[in-house]
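Q: If you read the sequence shown in this note's numbering, its first letter stands for residue 4, the second for the next number, and so on.
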Amino acid sequence: MLLIRNPIYTGIICGFFATFIIFGTLASLLAFGIILILYILKINKEQKFLLLEFGDEFDQYMKRSWALIPFLF
4 MLLIRNPIYT GIICGFFATF IIFGTLASLL AFGIILILYI LKINKEQKFL
54 LLEFGDEFDQ YMKRSWALIP FLF
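#1: Within 10 angstroms of the Cβ of Phe57, are there 16 or more other Cβ atoms? Answer buried if so, exposed if not.
#2: By DSSP, does Ile72 sit in helix, in strand, or in coil?
#3: Check whether the segment 44–56 touches the segment 20–27, taking contact to mean three or more Cβ pairs, one atom from each stretch, closer than 8 Å.
#4: Rounded to the nearest angstrom, what separates Leu55 and Ile40 at their Cα positions?
#5: So is Tyr42 buried or exposed if we call it buried at 16+ other beta carbons inside 10 Å?
#6: By the DSSP assignment, the alpha helix (DSSP H) with Ile7 in it spans what residues?
#7: Does Thr13 come out as helix, strand or coil in the three-state DSSP assignment?
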């Protein structure tokens, strides 16, 4: 079974990517890039906290799920 740990973040990032696809402006590309970087940093920070809080249980969950995009991250 394929799981995404952060489906809301994935949806937000996809929305910014769709905005870039629709408008194709430099501003929308920059917004997408900035949002993507910020969410990746946020996810990494949250994962560190959750590993400290839940230990091996969360580590096992991380091994069987994807943070944002299946097969990529």
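A virtual CB, placed ideally from N, CA and C, is assigned to each residue, including glycine.
A: Once the coordinates are examined:
#1: With fewer than 16 Cβ atoms within 10 Å of its Cβ, Phe57 is classed as exposed.
#2: Correct three-state label for Ile72: coil.
#3: With the cut-off at 8 Å, the segment 44–56 and the segment 20–27 do not touch.
#4: C-alpha of Leu55 to C-alpha of Ile40: approximately 23 Å in a straight line.
#5: Buried is the call here.
#6: Segment: none, Ile7 is in no alpha helix (DSSP H) and carries neither H nor E.
#7: Correct three-state label for Thr13: helix.
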